[in-house]
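Input: a single structure, listed below in structure tokens.
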Amino acid sequence: MFSCGKGIVIINIVIFLYKIGDGMLDATTRPYLIHGVCYKILGTVVRENETACSSLDKYPALEDEVQKQSGYYLIYYRLLLNIPAILLSMFCGSYSDRHGRKLPILLPCFGGMAAVMMYLASNMLSEHRVQMILGGAAMQGMFGKSSLINMAANSIVFDFSNCENRTRNFGKLLAMNFLGGTLGALMSGVFQDLLDINTTFVAIMILYIIAISLVFLLQDEDEKKTDTLDPKTNSFCQVFKVGHIKETVAVITKSRSGNNRKLNLSDVNIVIIGLISMFAKVIFLAFSTTSWMVFVSLGMGAFIGMAPSTLRSLLSKTLNEDEAGKVFSILSCGETISKFLGSLIFVNIYGATAHIFRGITYITETFIVLIMLVIVLVKYRQLQHLQSSLDNVTVVIDNKNIDQRETQSVVDNSHTQKCKSENSVYYISV
Numbered sequence: 141m142f143s144c145g146k147g148i149v150i151i152n153i154v155i156f157l158y159k160i161g162d163g164m165l166d167a168t169t170r171p172y173l174i175h176g177v178c179y180k181i182l183g184t185v186v187r188e189n190e191t192a193c194s195s196l197d198k199y200p201a202l203e204d205e206v207q208k209q210s211g212y213y214l215i216y217y218r219l220l221l222n223i224p225a226i227l228l229s230m231f232c233g234s235y236s237d238r239h240g241r242k243l244p245i246l247l248p249c250f251g252g253m254a255a256v257m258m259y260l261a262s263n264m265l266s267e268h269r270v271q272m273i274l275g276g277a278a279m280q281g282m283f284g285k286s287s288l289i290n291m292a293a294n295s296i297v298f299d300f301s302n303c304e305n306r307t308r309n310f311g312k313l314l315a316m317n318f319l320g321g322t323l324g325a326l327m328s329g330v331f332q333d334l335l336d337i338n339t340t341f342v343a344i345m346i347l348y349i350i351a352i353s354l355v356f357l358l359q360d361e362d363e364k365k366t367d368t369l370d371p372k373t374n375s376f377c378q379v380f381k382v383g384h385i386k387e388t389v390a391v392i393t394k395s396r397s398g399n400n401r402k403l404n405l406s407d408v409n410i411v412i413i414g415l416i417s418m419f420a421k422v423i424f425l426a427f428s429t430t431s432w433m434v435f436v437s438l439g440m441g442a443f444i445g446m447a448p449s450t451l452r453s454l455l456s457k458t459l460n461e462d463e464a465g466k467v468f469s470i471l472s473c474g475e476t477i478s479k480f481l482g483s484l485i486f487v488n489i490y491g492a493t494a495h496i497f498r499g500i501t502y503i504t505e506t507f508i509v510l511i512m513l514v515i516v517l518v519k520y521r522q523l524q525h526l527q528s529s530l531d532n533v534t535v536v537i538d539n540k541n542i543d544q545r546e547t548q549s550v551v552d553n554s555h556t557q558k559c560k561s562e563n564s565v566y567y568i569s570v
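With our numbering, you'll find the sequence shown wraps up at 570, consecutive numbering, no jumps.
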């Protein structure tokens with residue numbers, strides 16, 4: 141079994157590669173879908189429609205019609221990407237707690253490869269381009285896409301982290317998400333400008349293959365999950381047991397041990413900083429009138445990324461080891477749903493209010509941020525009340541009590557570096 145530190149490094153690399161591929165695929169496919177819609181409109185009218193669709197700005201009437209129809213197809217595209225991924229994540233959360241995290245990591249990569257092959261085929265069968273693009277989106281969704289791989293990656297970080305470094309490790313994982321997605325969008329533009337769209341799809345395929353190879357060659361399963369499994373039940377069919385959804389939903393309302401598991405208040409402070417940064421960015425963006433103001437708002441929101449990883453860390457410190465997949469599957473589903481609903485709400489509010497004041501959409505977002513901030517502040521007060529009862533923590537290693545100062549050196553040199561807090565007692569496996 142690989143060490144905890146190496147396991148976290150490997151999953152960070154896998155997520156980085158997957159997010160580059162996913163970012164490239166998303167940035168390439170959306171304009172490609174618009175191009176396909178244009179081809180569909182002109183397919184029976186103009187033979188040389190490729191030229192017209194490549195320069196829509198010269199044909200205002202055609203451009204308006206393409207944009208109108210593309211809006212509907214983009215909604216279908218998003219639905220096919222997200223709805224199947226949400227359903228699969230609900231199954232795989234509980235499955236991964238029982239059978240390991242490897243399969244939920246591999247499935248989105250295979251789905252991305254299947255989608256790329258359909259997009260490549262659509263470039264050769266231009267009369268069915270839109271249908272094949274939507275089919276590729278469905279393949280991505282049915283294999284889980286980002287929702288599933290994020291759940292598995294967060295669960296692995298939970299498995300391999302102790303209480304002391306969990307927030308840091310979740311932050312690194314989120315950094316790989318942001319960096320990979322941004323780099324992927326950039327690479328998509330560079331590849332299409334310098335080469336062509338087919339080369340872009342091939343590059344995406346290579347990234348997925350490398351990520352899959354790393355998972356197969358380097359990422360071991362958790363011993364406690366694989367050693368006790370019945371070989372007859374450890375199969376792909378176990379993914380679709382209805383009981384997995386029941387267990388995933390039940391974990392939300394499960395009673396915790398005295399509601400007094402140790403949470404680090406500094407984590408809450410980080411969340412508050414992230415939300416304040418988000419509030420400042422959105423309110424400044426609402427009243428921005430020039431390009432430099434937009435860039436300044438991005439700087440004001442530089443700390444936004446601190447909140448999600450820290451919230452995951454806070455939540456993880458209240459979990460049992462067999463609950464990580466279930467809880468993170470719920471979080472991944474929630475994130476996927478919120479992104480989809482957010483895009484729909486933004487488009488509709490902006491379209492209805494742009495002629496009045498373009499910043500109304502962002503002002504609406506500030507109210508949502510304020511609600512989140514109030515919730516965290518209420519939780520912060522509860523944690524302050526709990527802190528006094530958690531100052532003196534007994535540490536038990538191999539049934540022997542030792543001083544807290546000695547604990548850190550033991551944790552640093554332990555093999556699994558596993559830390560779990562329950563009823564104000566730390567249990568450390570060495």
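Glycine included, every Cβ here is placed at the ideal spot set by N, Cα and C.
Close beta carbons around Ser-469, own chain, < 7 Å, minus the five adjacent residues each side: Beyond the five residues adjoining it in sequence on each side, Ser-469 comes within less than 7 Å, by CB distance, of Ser-229, Met-230, Cys-232, Gly-233, Met-291 and Thr-388 in the same chain, given in chain order.
Looking at Arg-452: is its Cβ nearer than 8 Å to the Cβ of Asn-302? No, these two residues do not count as a Cβ contact at 8 Å.
Whose C-alpha, out of Ile-515, Lys-479 and Ile-160, is nearest the C-alpha of Leu-319? Nearest C-alpha to Leu-319: Ile-160.
Residue range of the unbroken alpha helix (DSSP H) whose run includes Asp-299: Per DSSP, the continuous alpha helix (DSSP H) segment holding Asp-299 begins and ends at 285 to 300.
Does the separation of the CB atoms of Ile-148 and Met-316 fall below 8 Å? Cβ distance not < 8 Å, so Ile-148 and Met-316 don't count as in contact.
Tell me where the alpha helix (DSSP H) around Ser-262 begins and ends. Where Ser-262 is concerned, the enclosing alpha helix (DSSP H) stretches over 242 to 264.
Near Gly-441, what residues of its chain come up, given a Cβ to Cβ distance below 8 Å and the 5 sequence neighbours on each side ignored? If we look at Gly-441 and ignore the five residues flanking it on each side, its Cβ neighbours are Ser-417, Met-418, Ala-420, Lys-421 and Val-422.
Given Leu-227 as reference, the closest of Glu-267, Gly-276, Tyr-179 and Lys-285 once Cα atoms are compared: Checking every option, the nearest Cα to that of Leu-227 belongs to Lys-285.
For the alpha helix (DSSP H) holding Asp-204, just list the boundary residues, first then last. Looking at the DSSP string, the run of the alpha helix (DSSP H) that includes Asp-204 is 200 to 239.
What's the gap between the Cα of Thr-307 and the Cα of Ser-287? Across the structure, Thr-307 and Ser-287 are spaced so that their CA atoms are roughly 20 Å apart.
Would you mind working out which of Ile-496, Leu-157 and Asp-333 sits nearest Ile-289, comparing C-alpha positions? Taking each of Ile-496, Leu-157 and Asp-333 in turn and checking the Cα distance to Ile-289, the smallest one comes out for Leu-157.
The alpha helix (DSSP H) spanning Ser-428 covers which residue range? Here Ser-428 belongs to no alpha helix (DSSP H), and DSSP marks it neither H nor E.
Counted within 10 angstroms of its Cβ, other Cβ atoms place Pro-248 as buried (16 or more) or exposed: Pro-248 is buried by the Cβ-count criterion.
Close beta carbons around Ser-449, own chain, < 6 Å, minus the five adjacent residues each side: Listed in chain order, the non-local C-beta contacts of Ser-449 below 6 Å within the same chain comprise Phe-310, Gly-311 and Leu-314, local neighbours out to five positions each way being set aside.
So, with DSSP's three-state summary, where would you put Ile-444? Here Ile-444 sits in coil by DSSP.
Reference Phe-283; option with closest CA among Leu-323, Leu-220 and Ala-343: Taking Phe-283 as reference, the option from Leu-323, Leu-220 and Ala-343 with the minimal CA-CA separation is Leu-220.
Go to Asp-336, then tell me how far its alpha helix (DSSP H) extends in each direction, as first and last residue. It is not in any alpha helix (DSSP H) - Asp-336 carries neither H nor E in the DSSP assignment.
Alpha-carbon to alpha-carbon, Phe-300 and Ile-151: For Ile-151 and Phe-300, the gap between their C-alpha atoms comes out near 11 Å.
Who are the near neighbours of Ala-254 in its chain, counting only those whose CB is closer than 6 Å to its CB and skipping five residues on each side? Excluding residues up to 5 positions away in sequence, Met-279 lie with their Cβ nearer than 6 Å to the Cβ of Ala-254 in the same chain.
Distance check for Ile-349 and Ile-477, CA to CA, integer angstroms please. The alpha-carbon atoms of Ile-477 and Ile-349 are separated by roughly 28 Å.
To which residues of the same chain is Phe-480 closer than 7 Å at the C-beta, ignoring the five residues directly before and after it? Excluding positions up to five away in sequence, the list reads Arg-218 and Asn-222.
Alpha carbon to alpha carbon, what distance is there between Phe-424 and Val-206? Roughly 33 Å separates the two Cα atoms.
Please classify Gly-324 as buried or exposed, where buried requires at least 16 other C-beta atoms within 10 Å of its C-beta. Within 10 angstroms of the beta-carbon of Gly-324 lie 16 or more other beta-carbons, which makes it buried.
Can you tell me whether Ala-225 sits near the ligand ZN, meaning its C-beta is under 7 Å from at least one heavy atom of the ligand? With respect to the ligand ZN, the structure shown offers nothing to examine, as it has no ligands at all.
Give me, in chain order, the residues of the same chain whose beta-carbon lies closer than 7 Å to that of Val-516; leave out the 5 immediate sequence neighbours on both sides. Correct list, in chain order: Val-408, Val-411, Ile-412 and Leu-415.
Residues near Ser-210 by beta carbon distance below 6 Å, same chain, minus five either side: Cβ neighbours of Ser-210 within its own chain (closer than 6 Å, five residues either side excluded): Ile-174 and Val-177.
Residues of its chain near Met-272, where Cβ-Cβ distance is below 8 Å and the 5 sequence neighbours each way are ignored: Hits under 8 Å: Met-258, Tyr-259, Ala-261, Ser-262 and Leu-265.
Within this structure, are the beta carbons of Asp-162 and Gly-252 separated by less than 8 Å? Going by beta carbons, Asp-162 and Gly-252 fall inside the 8 Å limit.
If contacts are defined as beta-carbon pairs under 8 Å, then Ile-245 and Val-355 qualify, I think. What distance do you get, rounded to the angstrom? Cβ-Cβ separation between Ile-245 and Val-355: approximately 5 Å, consistent with a contact (criterion under 8 Å).
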